[in-house]
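Mapping to UniProt numbering: the sequence shown position 67 is 67, numbers consecutive. In what follows, a single structure is set out as structure tokens and then discussed.
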Amino acid sequence: MHDTVISIIHRYYQAFNAGDREVFLGLLAEDVVHDINQGAREVGREAFTRFMAHMDRCYREEIADLEVMVNERGTRAAAEFTVIGTYIATDEGLPEASGQTYRLPAGAFFEIADARITRVSNYYNLNDWLAQVGARG
1 MHDTVISIIH RYYQAFNAGD REVFLGLLAE DVVHDINQGA REVGREAFTR
51 FMAHMDRCYR EEIADLEVMV NERGTRAAAE FTVIGTYIAT DEGLPEASGQ
101 TYRLPAGAFF EIADARITRV SNYYNLNDWL AQVGARG
């Protein structure tokens, strides 16, 4: 079970890096819960699809240095990684985008059931990101 969960999480980030949204979103349960870093909780693959379309418009990101940890029952996992990105289009309420690059330590927590991701909770330091893209305080 552990190997299956680790494989699911690795495929999730491999598909993310490849820009293969069909595979990426296909790993999610239809009623997936998505906790957005310092934001709202959204429910459903359709909401996650809209979120990713927004992210793809504003950011070009790659996940590196991925480490995955799984609980004994294989129902929860955590991932630690580095986000390497470029801010390509201004996101509402955030500084103006001008192609700034950033490198952020980040993490995510997952719940897994029936070989599908049922929850994703993402965390990174927003203040670190703001400093890297040149936000004025």
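Where a beta carbon is used, it is the ideal one built from N, C-alpha and C, also for glycine.
Measuring only the C-alpha atoms, how far is residue i from residue j?
{"i": "Arg57", "j": "Ser7", "result": "28 Å"}
{"i": "Glu46", "j": "Gly85", "result": "24 Å"}
{"i": "Gln38", "j": "Asp3", "result": "31 Å"}
{"i": "Gly19", "j": "Leu130", "result": "24 Å"}
{"i": "Pro95", "j": "Arg60", "result": "16 Å"}
{"i": "Arg41", "j": "Ile9", "result": "20 Å"}
{"i": "Gly44", "j": "Ala115", "result": "16 Å"}
{"i": "Thr101", "j": "Tyr87", "result": "6 Å"}
{"i": "Gly26", "j": "Asn127", "result": "32 Å"}
{"i": "His54", "j": "Ala97", "result": "14 Å"}
{"i": "Gly134", "j": "Asp91", "result": "14 Å"}
List the whole-angstrom C-beta distance separating residue i from residue j, where the pair is believed to meet the contact cut-off of C-beta under 8 Å.
{"i": "Thr82", "j": "Ala64", "result": "5 Å"}
{"i": "Leu28", "j": "Ile117", "result": "5 Å"}
{"i": "Met52", "j": "Arg11", "result": "Not really, about 16 Å apart at Cβ, beyond 8 Å."}
{"i": "Val23", "j": "Ala15", "result": "4 Å"}
Beta-carbon separation of residue i and residue j under 8 Å?
{"i": "Asn17", "j": "Glu62", "result": "yes"}
Inset, instruction - Taking 8 Å as the threshold, find out whether the segment 32 to 43 comes into contact with the segment 105 to 121 through three or more Cβ pairs. - result: yes
Inset, instruction - Spell out a yes or no on whether the segment 95 to 109 and the segment 69 to 85 are touching, meaning 3 or more CB-CB pairs, one atom from each, closer than 8 Å. - result: yes
Inset, instruction - Note down, one range per segment and in chain order, each alpha helix (DSSP H) of at least 4 residues found wholly within the segment 39 to 93. - result: 45 to 58
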